Amino acid sequence: MNILENLEKDQLLLKGLAGNDKAAVEAIYRENYTMIQSFILNNSGSVDEARDIFQEAMVVLYEKSKDTTFSLNCKIKTYVYSVCRRLWLKRLQQLNKYNTQIESIEEVVPVEEEIEEHEKRNADFILMEHALGKIGEPCKSLLDAYYLQKKSMQGIADEFGYTNADNAKTQKYKCLIRLKKLFFAQYKNA
Amino acid sequence: MDEIILMETIERYLGGEMTPQEKVFFDDLRKSNPEIDQAVVEHSYFLHGLEKYGAAKSFKHTLLEVESKLMDEGVISQPKLNSRAKVVQMWNKYKRNMAVAASIAGFISLITLALMVPLTKKYSNEGIQSLVKELNKTRTEVDKLKHAPSVPSATPQKAEPKVDFRGTGFLIDGKGYLVTNAHVISRMKNIYVENNKGDYFSASSIYTDNNVDLAILKINDTAYKTIVNLPYSIKRANSDLGEQFFTLGFPRSEIVYGEGYVSAKSGNDGDSTAYQLTVSANPGNSGGPVVNRNGEIIGIITAKDSKADGVVYATKSRNIFKLVDQLNKLDEKEQAVKTPAGNGLKGIDRVQQVKKMEEFVFMVVGN
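Respectively, the protein sequence lines represent chains A and B. Residues in the first sequence are numbered from 6 upward in steps of one, following the working numbering. Residues in the second sequence are numbered from 81 upward in steps of one, following the working numbering.
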């Protein structure tokens with residue numbers, strides 16, 4: 006395959022990734038996972054850690070793929086490897102297992118900024134998950150159905166057993182107000 | 081209430097659902113009222129965050145699905161892959177020796193095969209015979225059952241009155257709260273629950289409602305570790321006729337899977353708190369979850385019609401919420417029970433669903 010075809014294929018995969026397309030995710034896994042696993046295993050990691058790091062790298066790539074200003078100027082393979090390598094180095098440092106001689110068999114591109122951004126997003130994700138965990142049921146399912154699954158108010162009323170869509174809507178706003186308070190309260194503490 | 085109206089207005093504004101006049105009016109309001117302006121900015125930021133959270137969550141879900149598929153295929157989790165190069169080297173080095181060894185191995189296996197044939201033949205004959213015998217035995221037993229005067233017991237068949245009682249239960253809160261049938265534990269003095277790993281925990285009944293035949297158990301064993309994020313949820317709405325489901329339960333001391341469909345929207349004698357199901361169930365299945373294809377629990381198996389074949393009754397899942405609400409009201413100092421709202425079973429195939437579900441279904445035993 007020539008370079009141009011490769012680039013096109015990568016662009017298609019990124020597009021699929023942005024749309025949460027399972028086939029694209031699977032293709033990227035198949036093409037890159039083994040390389041990452043051997044990298045981690047060769048640098049004092051386990052298979053579970055390799056899975057973990059790879060997943061995180063996939064999330065980084067996913068976030069990038071949704072960013073319209075982002076254009077990949079290297080192969081997906083190189084990018085994934087660079088992110089995993091950076092993430093793994095960080096983890097080793099945290100565990101004080103850092104040895105300077107971490108081998109780099111592949112070409113790497115700088116990804117520090119992306120990882121910083123990703124960590125911020127991750128923190129937000131955790132804050133939201135906490136807040137959602139605290140509001141309890143049926144609030145959680147109600148908000149999930151409306152804001153995440155984008156179901157109609159009438160459908161939600163039927164599903165949850167509200168007598169009409171307006172009642173469900175009022176309830177939904179009440180839940181949202183509570184969620185907002187919980188979410189922003191954490192922000193102030195954090 | 082004011083806050084609700086404001087929020088609704090902001091959402092309509094952000095969603096572009098306002099009429100042009102309304103929009104002009106609201107834009108003016110934003111300019112003149114900094115508080116409203118701030119509310120709009122804050123709400124838009126928050127909704128954006130919520131949306132990002134949702135997207136990230138469903139992406140992570142996709143990742144897990146792909147991962148578990150690849151693990152099943154053996155693409156992931158085989159450290160062997162990394163030493164492939166070494167194996168190839170070894171292969172080249174020992175190719176000759178291996179060829180010799182292989183041919184010897186072939187010889188031996190031929191010989192054993194020749195020896196094995198008559199033995200196995202004989203053995204299998206015996207097996208068939210004994211099977212036939214057993215079949216005859218069961219047939220006579222079945223006949224006996226048929227001819228025996230019909231048992232005058234009440235239609236819903238409860239757990240067999242043995243020294244030990246066994247039923248099924250499942251977690252509704254990772255903190256150690258389980259749901260089972262009231263009749264499962266009604267005659268138990270000591271209650272124990274056992275998960276699929278074989279870990280035993282002692283438990284106690286903290287709430288029962290005989291009207292809907294449900295009980296909530298709490299594991300009070302220090303060995304039990306809280307589980308976060310149960311992958312399933314409990315359905316509030318009624319299920320439709322024909323909705324397909326699977327069940328997990330302990331009619332044996334090993335977990336048994338079953339599948340079926342909702343055949344009526346009411347239970348025995350028009351009981352509107354229950355469904356009639358078509359599924360195979362036996363004593364021990366009581367208290368088992370009835371799970372639909374989206375990973376929502378729609379009912380709890382309670383009884384079986386002893387006069388009709390495959391007619392099983394299940395309490396509607398909605399009753400769980402009622403029980404939990406009552407329990408939470410009753411006891412304020414205890415940590416409130418939170419019903420699960422996971423969607424980790426959505427969109428994955430049945431085998432994977434069962435695999436994920438299995439560890440949260442417990443055998444409930446007692447004496």
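The beta-carbon is built from N, C-alpha and C at its ideal position, and this holds for glycine as well. Just so you know, these numbers come straight off a predicted model, no measurement behind them.
Residue i: contacting residues in chain A (beta-carbon distance under 8 Å)
{"i": "Ile-84/B", "result": "Thr-175, Tyr-178, Lys-179, Ile-182"}
{"i": "Glu-102/B", "result": "Within 8 Å Cβ-Cβ: nothing; Glu-102/B doesn't reach chain A, min ~18 Å."}
{"i": "Ser-510/B", "result": "The requested residue 510/B does not occur in the structure, where chain B is confined to residues 81 to 447."}
{"i": "Gly-390/B", "result": "Ordered by position in chain A, no residue passes the 8 Å Cβ test against Gly-390/B, which lies about 29 Å from the chain."}
Rounded C-alpha distance that separates residue i from residue j
{"i": "Val-417/B", "j": "Arg-316/B", "result": "16 Å"}
{"i": "Tyr-341/B", "j": "Glu-274/B", "result": "28 Å"}
{"i": "Phe-325/B", "j": "Ile-380/B", "result": "12 Å"}
{"i": "Ala-62/A", "j": "Asp-117/B", "result": "38 Å"}
{"i": "Arg-398/B", "j": "Cys-89/A", "result": "46 Å"}
{"i": "Val-264/B", "j": "Asn-408/B", "result": "22 Å"}
{"i": "Asp-15/A", "j": "Gly-160/A", "result": "39 Å"}
{"i": "Gln-60/A", "j": "Ala-28/A", "result": "16 Å"}
{"i": "Leu-150/B", "j": "Ser-138/B", "result": "18 Å"}
{"i": "Val-52/A", "j": "Ile-120/A", "result": "22 Å"}
{"i": "Phe-75/A", "j": "Lys-69/A", "result": "6 Å"}
{"i": "Ile-81/A", "j": "Ser-319/B", "result": "45 Å"}
{"i": "Ile-307/B", "j": "Leu-184/A", "result": "23 Å"}
{"i": "Ala-262/B", "j": "Thr-288/B", "result": "6 Å"}
{"i": "Lys-139/A", "j": "Lys-177/A", "result": "16 Å"}
{"i": "Ala-142/B", "j": "Val-30/A", "result": "Per the sequence shown, residue 142/B should be read as Thr rather than Ala. Going by the C-alpha atoms only, they are around 8 Å apart."}
{"i": "Asn-127/A", "j": "Gly-329/B", "result": "38 Å"}
{"i": "Pro-115/A", "j": "Ser-87/A", "result": "7 Å"}
{"i": "Ser-346/B", "j": "Phe-442/B", "result": "27 Å"}
Chain-ordered neighbours of residue i on chain A, where CB pairs are closer than 7 Å
{"i": "Ile-156/B", "result": "Tyr-38, Arg-56"}
{"i": "Gly-129/B", "result": "Asp-129, Met-133"}
{"i": "Ala-394/B", "result": "By Cβ distance, chain A contributes nothing, its closest Cβ being about 18 Å from Ala-394/B, past 7 Å."}
Residue i, DSSP secondary structure in three states
{"i": "Phe-281/B", "result": "strand"}
{"i": "Pro-363/B", "result": "coil"}
{"i": "Pro-100/B", "result": "helix"}
{"i": "Met-151/B", "result": "helix"}
{"i": "Pro-114/B", "result": "helix"}
{"i": "Glu-339/B", "result": "strand"}
{"i": "Ile-81/A", "result": "helix"}
{"i": "Tyr-167/A", "result": "coil"}
{"i": "Gln-356/B", "result": "strand"}
{"i": "Thr-39/A", "result": "helix"}
{"i": "Lys-186/A", "result": "helix"}
{"i": "Arg-267/B", "result": "coil"}
{"i": "Ala-303/B", "result": "coil"}
{"i": "Tyr-257/B", "result": "strand"}
{"i": "Lys-14/A", "result": "helix"}
{"i": "Arg-246/B", "result": "strand"}
Residue i: contacting residues in chain B (beta-carbon distance under 8 Å)
{"i": "Glu-31/A", "result": "Val-146, Lys-149, Leu-150"}
{"i": "Asn-169/A", "result": "Under the 8 Å cutoff, chain B gives no residues; its nearest Cβ is about 15 Å from Asn-169/A."}
{"i": "Asp-163/A", "result": "Ala-317"}
{"i": "Lys-27/A", "result": "Thr-142, Glu-145, Val-146"}
Nonlocal neighbours in the same chain, by C-beta distance under 7 Å from residue i, ignoring five residues either side
{"i": "Leu-310/B", "result": "Leu-251, Gly-254, Pro-420, Gly-422, Phe-440"}
{"i": "Met-98/B", "result": "Arg-92, Phe-106"}
{"i": "Pro-143/A", "result": "Phe-165"}
{"i": "Tyr-67/A", "result": "Leu-22"}
Beta-carbon proximity list for residue i, same chain, < 8 Å, skipping 5 on both sides
{"i": "Asn-270/B", "result": "Ser-282, Gly-446, Asn-447"}
{"i": "Ala-303/B", "result": "Asp-279, Phe-281"}
{"i": "Leu-190/B", "result": "Because Leu-190/B carries a pLDDT of 43, less than 50, the predicted location of this residue cannot be relied on, and the following value inherits that uncertainty. None."}
{"i": "Asn-372/B", "result": "Lys-315, Ser-319, Glu-323, Gln-324, Phe-325, Ile-378"}
{"i": "Ile-182/A", "result": "none"}
Contact set between residue i and chain A, taken where Cβ atoms lie within less than 9 Å
{"i": "Phe-126/B", "result": "Leu-181, Leu-184, Lys-185, Phe-188, Phe-189"}
Own chain residues within Cβ distance below 6 Å of residue i, not counting five before or after
{"i": "Glu-112/A", "result": "Thr-83"}
{"i": "Ala-361/B", "result": "Ile-381, Lys-384, Val-392"}
{"i": "Lys-145/A", "result": "Leu-137"}
{"i": "Leu-148/A", "result": "Cys-180"}
{"i": "Lys-426/B", "result": "Asn-374, Gly-375"}
Under 9 Å from the C-beta of residue i: neighbouring residues of chain B
{"i": "Gln-60/A", "result": "Lys-140, Leu-143, Leu-144, Glu-147"}
{"i": "Gly-166/A", "result": "Arg-316, Ala-317, Asn-318, Arg-398"}
Chain B residues whose Cβ lies nearer than 7 Å to that of residue i
{"i": "Met-63/A", "result": "Leu-143"}
{"i": "Asn-172/A", "result": "Within chain B, no residue comes near Asn-172/A; the closest Cβ sits about 12 Å away, beyond 7 Å."}
Using a Cβ cut-off of 7 Å, which residues of the region 406 to 431 of chain B contact any Cβ in chain D, in chain order?
Of the chains in the structure shown, none is chain D; the protein chains are A and B.
Residues of the region 86 to 102 of chain A whose Cβ lies closer than 9 Å to any Cβ of chain B, in chain order:
none
Under 9 Å, CB to CB, which of the residues in the region 140 to 154 of chain A have a partner in chain B?
Gly-141, Glu-142, Pro-143, Lys-145, Ser-146, Leu-148, Asp-149, Tyr-152, Leu-153, Gln-154
Members of the region 88 to 100 of chain B that neighbour chain A once the beta carbon cut-off is set at 8 Å:
Glu-88
In chain order, what residues of the region 68 to 86 of chain A put their CB closer than 7 Å to some CB of chain B?
none
Under 7 Å, CB to CB, which of the residues in the region 9 to 25 of chain A have a partner in chain B?
Asn-25
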